[in-house]
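Take the sequence shown: its letter number 1 is residue 1 in the UniProt record's numbering, and every next letter is one higher. Using N, Cα and C, we set each Cβ at its ideal position, and we do this for glycine too. Just so it is clear, the structure is predicted and the values come from calculations on it, not from any experiment.
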Amino acid sequence: MKDVTSQRFFLVREDVLTEAMQKTLEAKHLLQSGKASSIWDAVKEVDLSRSAFYKYRDAVFPFHSIVQERILTVFLQLEDREGTLARLLQLVAESTCNVLTIHQTIPIQGRASVTLSLDVTAMNKELEEFINEMKRLDFVESAEVISSGAL
């Protein structure tokens, strides 16, 4: 996965988005508005597969949400040691970030992958400093920004 700073982004009209992308936006709106209580309910309502939703959910956003929100998604490779996730989340809390989503894989061969989506609106440091602090944790093998409305 590429660091967001090396990726190119585009602003496109809704009518040129694929149908799956448009339905993903609809499902996300249903979830945010409370009209759907789960991802399953939202994708069922808009006739979208869950796999398509997960493929696009961190890649397509209404323009107004990117302008208003500062969401950072980071992919990390961690050594499988007791307390690593707690220490990582302590850094997140100390940086005044809010965890929106967290996904951790089952550790295989002593390593686990973690994807964090964070609201960094109130973050008390620069994005680059925050990522470097994550990388300096002795159990973090890699930390890459995969999407950001925080730049």
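Same chain, Cβ closer than 8 Å to I131, five either side skipped, listed in chain order: Result list for I131: V74, A143, V145, in chain order.
Where the beta strand (DSSP E) containing N124 begins and where it ends: Per DSSP, N124 belongs to no beta strand (DSSP E) and is neither H nor E.
I71 and L116 closer than 8 Å at C-beta: Contact flag unset, no.
Close beta carbons around L48, own chain, < 7 Å, minus the five adjacent residues each side: Same-chain partners within the cutoff: A20, K23, T24, A27.
Inter-residue Cα distance where the pair is I39 and C97: For I39 and C97, the distance between alpha carbons rounds to 24 Å.
Where S95 sits in the DSSP three-state scheme: Of the three classes helix, strand and coil, the one that applies to S95 here is coil, per DSSP.
Three-state class that DSSP yields for F139 in the structure shown: Residue state, collapsed to three classes: coil.
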